[in-house]
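*Asks:* First to last, the sequence lines map onto chains X and G.
Reminder that position 166 of the first sequence reads as 166 in the numbering used here, one-by-one numbering, no gaps.
Counting the second sequence from 1 gives a position; the numbering used here is that position plus 342.
Glycine included, each C-beta is placed from N, C-alpha and C at the ideal position.
Number of protein chains: 2
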Amino acid sequence: MPRMEITLDSPLDMHLHLRDGDMLRLVAPLSADFAGAVIMPNLVPPVTGAAALQAYSERIDTAMGGIPFTRLMTLFFKSYSAAELESARALPEFFGIKLYPAGITTNSEGGLADMAAAAPTLHLMEDMGIPLLVHGESHGFVMDREAEFLPIYRRLAQRFPKLRICMEHITTTAALHLLEEHENLCATVTLQHLLITLDDVVGGSMQPHLFCKPIAKREEDRAALLRAALSGHPRLMFGSDSAPHPQHKKECCGCAAGVFTAPLALPRLAALFAEHGAADKLQDFVSGNACRLYHLHPVPRRITLRDTPMRIPAAYRSYGQRVVPMHAGETLSWSIVPTAAG
Amino acid sequence: MPRMEITLDSPLDMHLHLRDGDMLRLVAPLSADFAGAVIMPNLVPPVTGAAALQAYSERIDTAMGGIPFTRLMTLFFKSYSAAELESARALPEFFGIKLYPAGITTNSEGGLADMAAAAPTLHLMEDMGIPLLVHGESHGFVMDREAEFLPIYRRLAQRFPKLRICMEHITTTAALHLLEEHENLCATVTLQHLLITLDDVVGGSMQPHLFCKPIAKREEDRAALLRAALSGHPRLMFGSDSAPHPQHKKECCGCAAGVFTAPLALPRLAALFAEHGAADKLQDFVSGNACRLYHLHPVPRRITLRDTPMRIPAAYRSYGQRVVPMHAGETLSWSIVPTAAG
């Protein structure tokens, strides 16, 4: 029987939460369908120096258990001196700096309250070629937060024209429009924001495992993001924002924000691109654009995806941790072809 | 020390879910701060005939355990003959007919799919002076559902000018504007829609106990609803839509819609009206408007509220049921003054 297949070279997840401790030990190997990832620094306390970054990178390497994985490590944004930035840049795994407007998302209470105070560090980053990654949400009404932040992106792009600025996990048509305005802006988009809207989160019953920040928006936003991804937009990259939380912190009052997609992102993306006749655009979305924009050379990894169904488990557990993925208990129409070694 | 007090005569809850069986036994006495209520008919199966209505009314009376309580009973909308409506109207507790657009809310799968098919019954109701109560939401995007339904309200109000049409649990400024257009429209509003927005439901962490249908909207909507209530709008009535679900159906994936407010609605409303200097408007909001619009004569009950704090329990339980109220574990600034008998 003829099968559809997509072969990808060194796919990258440009926005990944691996956490720490037992949760890291559980989710690191589950995130290794990719050849590498941009690792978020919002630990408790956040990663704010070269030594902490290197130590975290080594803990990730240990948790990967021998799987080759390109760790694109980030610092949590604060005011940094040139010397501090130099010592981070000296590390081969250093990638960039992630800026959280204070208090917006998980473990970001130490984020930036005053954009003006950031200018000296941003000038240094621009001069030194260090990318800036931004969680771009205001403190306004939940459905307006991304749109309200766009003027700040615009100001950053104008004031720091040589700074590479990534709008992380964009969710709106308006953000896509802004992307067209400035060549120094790029963006990541998650799997879930290509698939769901607020209706999936709270339109029927309430679905904590689809609750994330930024929250899913309207159908017209979802459709525009998907069109941009399928069309091979050269500055749009896949970043899962895969964000594991223990099951008991998702299924309770006060459920934490985050969708865990790492173990299923590539098969689900393959199915999505294939069903829209855009299989040839997937390589750029999950690797090519990122490698070109950031001059990356991830570890070589060839992965083949095929339209053979795979069942997503109800939960992943190990080390006393239990995490429920997106599509838990469902069957995806595509899966990864096991390698001879695997 | 001087105390603030508000005394109310026979407060009414114009939209209440009492459920059935053990849940009814738990929540009926907890809902009896009010002298009476409009009781929703969305049981499984729904209440669609005089005999079922009378039997449900008697079960409620039993569950009240001797507390005098005016039961304003409703039928679930379907096509009814004149004879069927006559037999319902012959019952002293019959109040009106509740229309659910099919599938919108809890246990409403039997609701109305085709508004045109409703015309004969609506004509009969108009001729016989039977009020129509409507859950007015479209099947569209969750934040637009009420606004999208407003043209149907407008058409109903124009086509059936003598029909008393109540827009249940309104949540938007747009619904308030429509209320001004047609004298035969009135509306209920819940406690939670005077207090919260979507930000409280999913803006920080996810809060299942604030999740209801219609979902809470924007701050400008909340503020407009509160202004209308505080100003003594003559066709706006309190209807709690207090909707108990077992705790395990709220704190899980797929949390059911509904906020349980019955046991705390009056103290919380008293605090709200008092803090806005509108204590004199509360009587009309919780009883006067409804009695005038619907010619009601509820059982006499005098209730005094005072600015003495009361603690809301984490949950109410009895008969194997456990329900978490709004404001669980919090302290309200007002409470009900116990009567000599109580």
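Three-state secondary structure (DSSP) at X/GLU93?
*Replies:* It is coil, neither helix nor strand.
*Asks:* For the region 171-204 of chain X, which residues have a beta carbon sitting closer than 9 angstroms to at least one beta carbon of chain G?
*Replies:* Listed by position, the residues of the region 171-204 of chain X near chain G (Cβ gap below 9 angstroms) are THR197, LEU198, ASP199, VAL201, VAL202, GLY203, GLY204.
*Asks:* State the Cα-Cα distance for the pair G/HIS519 and G/LEU441, rounded to the nearest angstrom.
*Replies:* Taking the straight line from one Cα to the other gives about 22 angstroms.
*Asks:* Comparing alpha-carbon positions, which option in X/PRO313, X/VAL323, X/CYS186, X/LEU296 lies nearest X/PHE95?
*Replies:* It is X/LEU296.
*Asks:* Do we get a CB-CB distance below 7 angstroms when we pair X/GLY346 with the residues of chain G?
*Replies:* One cannot answer for residue 346 of chain X here, as it falls past the ends of chain X, which runs 1 to 342.
*Asks:* Could one say the Cβ of G/PHE419 lies closer than 7 angstroms to chain X's Cβ atoms, at least one of them?
*Replies:* It does not; no Cβ of chain X falls within 7 angstroms.
*Asks:* On the three-state DSSP scale, how would you describe G/ILE381?
*Replies:* Note: G/ILE381 maps to strand in three-state DSSP.
*Asks:* May I ask you to verify whether the region 11-18 of chain X touches the region 33-40 of chain X, counting CB pairs closer than 8 angstroms and requiring at least 3?
*Replies:* With the cut-off at 8 angstroms, the region 11-18 of chain X and the region 33-40 of chain X touch.
*Asks:* Starting from the C-beta of G/GLY545, find all residues in its chain whose C-beta is less than 8 angstroms away, skip the five residues before and the five after it, and write them out in chain order.
*Replies:* If we look at G/GLY545 and ignore the five residues flanking it on each side, its Cβ neighbours are THR539.
*Asks:* Are the C-beta atoms of G/PRO550 and some chain X residue less than 7 angstroms apart?
*Replies:* For G/PRO550, the answer is yes, since a Cβ of chain X falls inside 7 angstroms of its Cβ.
*Asks:* Less than 7 angstroms between the C-beta atoms of X/ALA224 and X/VAL201, yes or no?
*Replies:* For X/ALA224 and X/VAL201, no; Cβs fall outside 7 angstroms.
*Asks:* CB-CB under 7 angstroms to G/ALA612, same chain, minus the five flanking residues each way: which ones, in chain order?
*Replies:* Within the same chain, G/ALA612 has close Cβ partners ILE348, LEU624, LEU647, TRP676.
*Asks:* Curious, which full-length beta strand (DSSP E) runs of at least 3 residues does the region 588-654 of chain G contain?
*Replies:* Fully enclosed beta strand (DSSP E) runs of 3 or longer: 644-648.
*Asks:* In whole angstroms, give me the CA-to-CA distance for G/HIS524 and G/VAL531.
*Replies:* About 18 angstroms.
*Asks:* Hey, how far is the Cα of X/PRO244 from the Cα of X/MET23?
*Replies:* In a straight line, the C-alpha of X/PRO244 is about 8 angstroms away from that of X/MET23.
*Asks:* I need the straight-line Cα distance from G/GLY684 to G/ARG506, nearest angstrom please.
*Replies:* Summary for G/GLY684: the model assigns pLDDT 42, below 50, so the residue's position carries little reliability; its value from the coordinates is reported in the next sentence. Between G/GLY684 and G/ARG506, the C-alpha separation is close to 37 angstroms.
*Asks:* Hey, is the region 604-620 of chain G in contact with the region 315-323 of chain X, meaning 3+ C-beta pairs nearer than 8 angstroms?
*Replies:* No contact exists between the region 604-620 of chain G and the region 315-323 of chain X.
*Asks:* Out of G/PRO655, G/PRO667, G/LEU368, G/LEU427, which one is the CA nearest neighbour of G/GLY391?
*Replies:* Checking every option, the nearest Cα to that of G/GLY391 belongs to G/LEU427.
*Asks:* When you compare each of G/GLN534, G/MET548, G/LEU464, G/SER423 to X/ALA256 by their alpha carbons, which one comes out closest?
*Replies:* Closest option to X/ALA256, Cα to Cα, is G/MET548.
*Asks:* Are X/CYS166 and X/LEU133 touching if we call contact CB-CB under 7 angstroms?
*Replies:* Cβ atoms of X/CYS166 and X/LEU133: closer than 7 angstroms.
*Asks:* Between G/LEU578 and G/ILE654, is the Cβ-Cβ spacing less than 7 angstroms?
*Replies:* Not in contact: G/LEU578 and G/ILE654 (Cβ atoms no closer than 7 angstroms).
*Asks:* Scan the region 476-535 of chain G and note each continuous alpha helix (DSSP H) run of 4 residues or more that stays entirely inside, going in chain order.
*Replies:* You should have 487-501, 515-523.
*Asks:* Alpha carbon to alpha carbon, how far is G/GLY408 from X/ALA147?
*Replies:* The straight-line gap from Cα to Cα measures roughly 56 angstroms.
*Asks:* Report back the beta-carbon spacing between X/PRO298 and X/THR74 to the nearest angstrom; my notes put them in contact at under 8 angstroms.
*Replies:* Contact doesn't hold; Cβ gap of about 16 angstroms is too wide.
*Asks:* Taking the alpha-carbon of G/VAL389 as reference, which of G/VAL369, G/GLY630, G/ALA370, G/LEU360 has the nearest alpha-carbon?
*Replies:* The option with the nearest alpha carbon to G/VAL389 is G/LEU360.
*Asks:* Taking G/PHE627 as the reference, give the member of G/PRO680, G/PHE602, G/SER582 with the closest Cα.
*Replies:* Here the closest residue by C-alpha is G/SER582.
*Asks:* Please report the straight-line C-alpha distance between X/PRO246 and G/PHE580, rounded to a whole angstrom.
*Replies:* Distance between the alpha carbons of X/PRO246 and G/PHE580 is about 40 angstroms.
*Asks:* Under a CB-based cut-off of 7 angstroms, is G/GLU672 close to chain X?
*Replies:* G/GLU672 does not count as touching chain X.
*Asks:* Taking DSSP as the reference, what is the three-state secondary structure of X/LEU18?
*Replies:* X/LEU18 falls in the coil class under three-state DSSP.
*Asks:* Assign X/THR62 to one of three DSSP states: helix, strand, or coil.
*Replies:* Looking at X/THR62 - three-state DSSP - the assignment turns out to be helix.
*Asks:* Under a three-way DSSP split, which group does X/GLN321 fall into?
*Replies:* In the structure shown, X/GLN321 sits in a strand (DSSP, three-state: E or B).
*Asks:* Taking CB distances under 7 angstroms as the criterion, tell me whether X/PHE211 reaches chain G.
*Replies:* Chain G, which has a Cβ nearer than 7 angstroms to the Cβ of X/PHE211, makes this yes.
*Asks:* Report yes or no: is there a C-beta of chain G within less than 7 angstroms of the C-beta of X/GLU251?
*Replies:* Cβ-Cβ to chain G under 7 angstroms: yes for X/GLU251.
*Asks:* Starting from the C-beta of G/ALA632, find all residues in its chain whose C-beta is less than 7 angstroms away, skip the five residues before and the five after it, and write them out in chain order.
*Replies:* LEU354, MET356, MET579, LEU638.
*Asks:* With distances taken between CB atoms, is the gap from X/LEU43 to X/ASP20 smaller than 7 angstroms?
*Replies:* Result yes, Cβ atoms of X/LEU43 and X/ASP20 sit closer than 7 angstroms.
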